[in-house]
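Shown next, in structure tokens, is the structure this report addresses.
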Amino acid sequence: MKKRFFAAALAAVMIAASASGCAQGSNTDSAAASGTGTASGDTIKIGGLAPLTGSVSVYGNATNNGVLLAVKAANDAGGINGKKIQYICYDEKGDATEAVNAYNKLVENDKVVALVGDVTSTPTLAVAQQAVNDNLPMISATATAAGVTTTGENVFRACVTDPFQGEMMASYTKKKLGAKTAAILYNMADDYSSGVAEAYKQAAEAEGITIVAEEKFQTNDVDFKSQLTSIKGKNPDVLFLPVYYQDLAQIAVQVKQTGVKAKLMGVDGWDGVLDKIDKSNADALQGSYFCSQYTAESTDSKVQDFIKAYKAAYKAEPNMFSVLGYDAMNMMIQAIKDAGSTDSDAVIKAMAALKFKGLTGDITFDKDRNPVKTCAILTIKDDAYKFVEYYKK
Amino acid sequence: MDFLSQIINGLGIGSIYALVALGYSMVYGIVQLINFAHGDIIMVGAYVTYLVLVVGGAPLWVAVLASIAFCTIAGVLIERVAYRRLLNMGAPRIYLLITAIGVSIFLQNLSQLLFTSSGKSMPKMFPSDSLDLGSIQLSSVSLITIVTSVALMVLLQVLVSKTKIGKAMRATSEDAGAAKLMGINTNITVAFTFGIGSALAAVGAVLYCGAYPLITPYMGGMLGLKAFVAAVLGGIGSIPGAMLGGYLIGVAESLTKAAGGSQITDAVVFGILIIVLLFKPAGLLGKNVREKV
């Protein structure tokens with residue numbers, strides 16, 4: 001085992017050495033001198049990290065597939081300022097230690113100029129700590145944990161954070177639905193659910209909506225009738241449910257059983273609920289609203305082209321992860337183009353000032369390097385998701 | 001009248017606990033075995049209902065009968081394959097307990113293998129509207145559940161106290177050796193008890209699916225544990241005790257959640273159990289029998 005690892009490491013070093021060797025002489029890029037990035041003559045090396053095997057490999061592969069499509073599209077269109085992109089991705093198995101090892105390999109051996117990754121929050125946080133020391137421009141497609149981008153000036157992300165969705169829906173509740181009162185039911189044992197609930201509550205109160213009830217449940221609960229009966233007594237206009245689709249399937253049916261009349265609203269955890277609720281019960285979700293960063297129902301031709309290309313390449317439906325992977329890579333490409341070089345500071349500056357039109361809407365970055373973008377508002381009608389509009393608060 | 005609605009909510013889930021608790025209680029009464037696989041029988045019943053109703057497209061009454069039949073057979077089969085030899089050999093109780101846990105894990109993993117671990121959605125079985133009775137909100141599903149469970153308990157009580165097999169059950173429970181000497185086939189009696197318990201769990205499964213239309217291979221775990229607590233609380237071995245325990249736990253849960261204490265619901269349930277056992281070690285309706293020497 002040790003021997004094999006040594007051999008692999010040696011091979012990697014040799015490949016890297018030969019790659020940078022052939023770069024000598026023909027390279028005129030300014031980044032060659034900056035130490036953090038060496039652009040070989042006619043390629044720009046961008047590193048990638050994703051869990052391609054292991055328990056979260058579903059996310060990793062979907063994201064990486066999206067990234068690969070973006071690289072291919074960019075190279076077909078002539079690359080970045082005449083140079084082809086070379087994308088080097090390592091499998092980190094969803095593990096923070098593996099991710100840091102892979103990161104070191106990318107920086108020291110492969111001499112990448114930028115990083116698109118990681119996919120899940122925990123390894124991303126670990127890698128971000130390292131990337132800050134190297135001042136390497138980095139964008140994660142899908143890591144939602146609040147601390148990811150506050151690690152350093154060089155760390156960005158393509159997905160919106162959990163609290164952002166709560167604020168978005170609070171604004172939608174007031175401005176589009178004209179609701180005056182709202183109730184919240186959330187899973188207090190889950191960071192995602194309680195984080196969104198808290199953000200929604202604060203934003204809704206700031207908008208002038210009265211939160212009449214705030215009920216909680218725990219992971220694996222199936223009986224919500226008591227909480228819903230209490231909510232029913234307060235008669236709110238809107239019931240906000242920042243929960244995952246399995247819980248939603250149970251809650252929605254019990255909403256009907258207990259006779260709660262409020263309009264149901266939620267966030268991207270709802271996606272997939274129609275597979276978990278039988279057609280005969282789907283009327284419980286009729287007319288409810290939720291937001292998502294991506295919808296296959298979108299009328300945007302860019303999205304439809306992407307779906308076609310993705311299906312042709314991978315024989316599978318793209319999901320939110322693939323779309324965010326595609327956007328994240330394109331944002332990095334755009335930033336390097338805007339910077340006109342692969343110098344770290346220039347790319348980071350270009351990224352911070354980026355105005356990007358992606359599959360997940362128009363994107364700019366706020367001061368914490370989180371994206372500010374439109375969200376797709378979806379409604380459920382006759383047992384199907386229906387795209388309503390892109391909404392920006 | 002929120003309070004009354006909450007009581008009805010509690011009785012609804014309590015009825016399901018009670019139906020499962022009856023199985024624990026009867027089996028314990030007759031062979032002193034805590035059958036931890038019993039909670040998973042409800043899961044088996046739910047998946048049979050799903051297969052017949054959704055995959056097979058049969059009407060509800062067929063699904064109910066199929067679920068009852070399948071669970072009864074499964075219950076008898078489990079007794080025959082896993083427990084009978086141990087029981088007849090007079091194996092220590094801890095062996096039986098470990099076997100029961102093994103059967104429980106086997107059933108969970110089997111259904112995970114067959115149906116994957118992601119949940120399956122059940123169709124609407126009963127009218128799901130809420131009834132407005134003046135100021136009181138009643139969910140019709142809760143009402144159906146409560147009425148069915150009470151009817152089944154009356155039937156069971158008649159079966160145990162008035163019929164010949166019921167007499168055999170009581171005799172076996174009192175003294176299996178003496179019952180055998182009186183010409184009672186205790187093997188058949190014990191198998192019958194497992195069958196009846198499982199049939200009740202199957203009805204519980206159907207009612208559960210009506211109220212909570214998403215089933216998973218692990219749904220029997222916590223449900224079984226709560227039902228076991230209900231059986232112990234009411235006095236294990238006692239049929240009315242199991243029902244009372246089920247209702248009490250259901251109502252306690254519902255009221256705790258309604259008072260905003262979702263995070264301590266389980267603590268309240270187990271807390272009640274501890275307090276009752278401190279003052280009445282045999283449970284609320286349990287008889288304090290001296291250990292046989």
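So the protein lines, in turn, are chains A and B.
Counting in the working numbering, the first sequence runs from 1 upward without gaps.
Counting in the working numbering, the second sequence runs from 1 upward without gaps.
No residue lacks a Cβ here, since even glycine has one placed at the ideal position from N, Cα and C.
Cβ-based burial, residue i [other Cβ within 10 Å; buried from 16]
i: A/L285; result: buried
i: B/P217; result: buried
i: A/N330; result: buried
i: B/A178; result: exposed
i: B/M89; result: exposed
i: B/I16; result: buried
i: B/Q6; result: buried
i: B/G29; result: buried
i: B/S142; result: buried
i: A/L106; result: buried
i: A/Q304; result: exposed
i: B/I73; result: exposed
i: A/E108; result: exposed
i: A/E317; result: exposed
i: B/A151; result: exposed
Endpoints, the alpha helix (DSSP H) within which residue i is located
i: A/E410; result: The structure shown has nothing for residue 410 of chain A, since chain A only spans 1 to 393.
i: B/V62; result: 60–78
i: A/K216; result: From DSSP, A/K216 is part of no alpha helix (DSSP H) but of the beta strand (DSSP E) over 210–217.
i: B/E174; result: 164–174
i: B/F279; result: 265–279
i: B/F3; result: 2–31
i: A/V71; result: 57–76
i: B/V251; result: 239–258
i: A/K225; result: 225–234
i: B/G195; result: 186–211
i: A/Y103; result: 96–108
i: B/R93; result: 93–115
i: A/F321; result: 320–339
First and last residue of the uninterrupted beta strand (DSSP E) at residue i
i: B/Y218; result: No beta strand (DSSP E) contains B/Y218, which DSSP labels as neither H nor E.
i: A/G147; result: No beta strand (DSSP E) contains A/G147, which DSSP labels as neither H nor E.
i: A/K357; result: 356–358
i: A/I363; result: 361–365
i: A/K297; result: Sequence inspection shows Glu at residue 297 of chain A; the Lys mentioned does not correspond to that position. That residue, A/E297, is in no beta strand (DSSP E); it is neither H nor E in DSSP.
i: B/F126; result: Unbroken run through B/F126: none, as it is neither H nor E.
According to DSSP, residues forming a beta bridge with residue i
i: A/G47; result: A/I88, A/L115
i: A/M138; result: A/L115, A/V155
i: A/N187; result: A/F217
i: B/V158; result: Partner(s): none; B/V158 has no beta bridge.
i: A/E389; result: A/I377
i: B/L138; result: B/L131
i: A/K289; result: The question names Lys, but residue 289 of chain A is Tyr in the sequence shown. Paired residues: A/M265, A/T379.
i: A/D238; result: As written in the sequence, residue 238 of chain A is Val, which differs from the Asp given in the question. A/V238 is bridged to A/A182, A/K263.
i: B/K120; result: B/I215
i: A/A384; result: A/K381
The ligand PLP heavy atom lying under 8 Å from the CB of residue i
i: A/Q293; result: The ligand PLP is absent from the structure shown, which contains no ligands of any kind.
*Using a beta-carbon distance cut-off of less than 9 Å, what residues from the segment 260–281 of chain A approach chain B?*
V260, D275, K276, I277, D278, K279, S280, N281
_Quick check: the segment 170–187 of chain A against the segment 140–154 of chain A, are at least 3 beta-carbon pairs closer than 8 Å?_
Cβ pair count under 8 Å is below three, so no.
*Does the count of Cβ pairs from the segment 85–102 of chain A and the segment 53–71 of chain A closer than 8 Å reach three?*
yes
*What residues in the segment 17–46 of chain B bring their beta carbon closer than 8 Å to a beta carbon of chain A?*
none
_Under 8 Å, with one C-beta from each stretch per pair, do the segment 55–65 of chain B and the segment 262–269 of chain B reach the 3-pair mark?_
No contact exists between the segment 55–65 of chain B and the segment 262–269 of chain B.
*If we count Cβ pairs, one from each stretch, closer than 8 Å, do we get three or more for the segment 26–35 of chain B versus the segment 97–105 of chain B?*
yes
*May I ask you to list, following chain order, the residues of the segment 227–253 of chain A that have a beta carbon less than 8 Å from some beta carbon of chain B?*
Q227, T229, S230, K232, G233, Q246, A249, Q250, V253
*the segment 116–127 of chain B: positions lying closer than 7 Å to chain A by Cβ*: G119, S121, M122, P123, K124
*So does the segment 245–263 of chain A actually touch the segment 214–233 of chain A, counting three or more Cβ pairs closer than 8 Å?*
yes
*For the segment 317–334 of chain A, which residues have a CB atom closer than 7 Å to at least one CB atom of chain B, in sequence order?*
none
_Any C-beta of chain A within less than 7 Å: which residues of the segment 214–227 of chain B qualify?_
L214, M222
*Do the segment 130–150 of chain A and the segment 340–352 of chain A make contact, defined as three or more Cβ pairs closer than 8 Å?*
yes
*Do the segment 58–72 of chain A and the segment 80–88 of chain A make contact, defined as three or more Cβ pairs closer than 8 Å?*
Contact holds: three or more Cβ-Cβ distances are below 8 Å.
*Would the segment 39–48 of chain B and the segment 202–219 of chain B be scored as touching if the rule is three or more Cβ pairs under 8 Å?*
yes
*Pairing CB atoms from the segment 8–22 of chain B with CB atoms from the segment 175–194 of chain B, are three or more of them under 8 Å?*
no
*asked:* Is it the case that the segment 17–24 of chain B contacts the segment 319–328 of chain A, given that we only count it when at least three CB pairs across the two stretches are under 8 Å?
replied: Short answer: they don't touch.
*What residues in the segment 135–164 of chain B have a beta carbon less than 8 Å from any beta carbon of chain A?*
The residues in question are Q137, S139, S140, V141, S142.
*Counting pairs of beta carbons, one from the segment 202–211 of chain B and one from the segment 59–69 of chain B, are three or more of them closer than 8 Å?*
yes
*Is the segment 154–171 of chain A close to the segment 191–211 of chain A, with three or more CB pairs under 8 Å?*
yes
*the segment 241–260 of chain A in contact with the segment 241–260 of chain B per 3-pair CB rule at 8 Å*: no
*When Cβ atoms are compared, which residues of the segment 203–230 of chain A fall closer than 8 Å to chain B?*
Within the segment 203–230 of chain A, contact with chain B at the beta-carbon level (separation under 8 Å) is assigned to E215, K216, F217, Q218, N220, D221, V222, D223, K225, S226, Q227, T229, S230.
*Residues of the segment 252–285 of chain B with Cβ closer than 7 Å to any Cβ of chain A, in chain order*: So the list reads S254, K257, A258, S262, Q263, given in the order they occur along the chain.
*Just checking, does the segment 267–275 of chain A make contact with the segment 377–386 of chain A on the three C-beta pairs under 8 Å criterion?*
Because the criterion of three Cβ pairs below 8 Å is met, the segment 267–275 of chain A and the segment 377–386 of chain A touch.
*Is the segment 331–339 of chain A in contact with the segment 77–84 of chain A, if contact means three or more CB pairs nearer than 8 Å?*
yes
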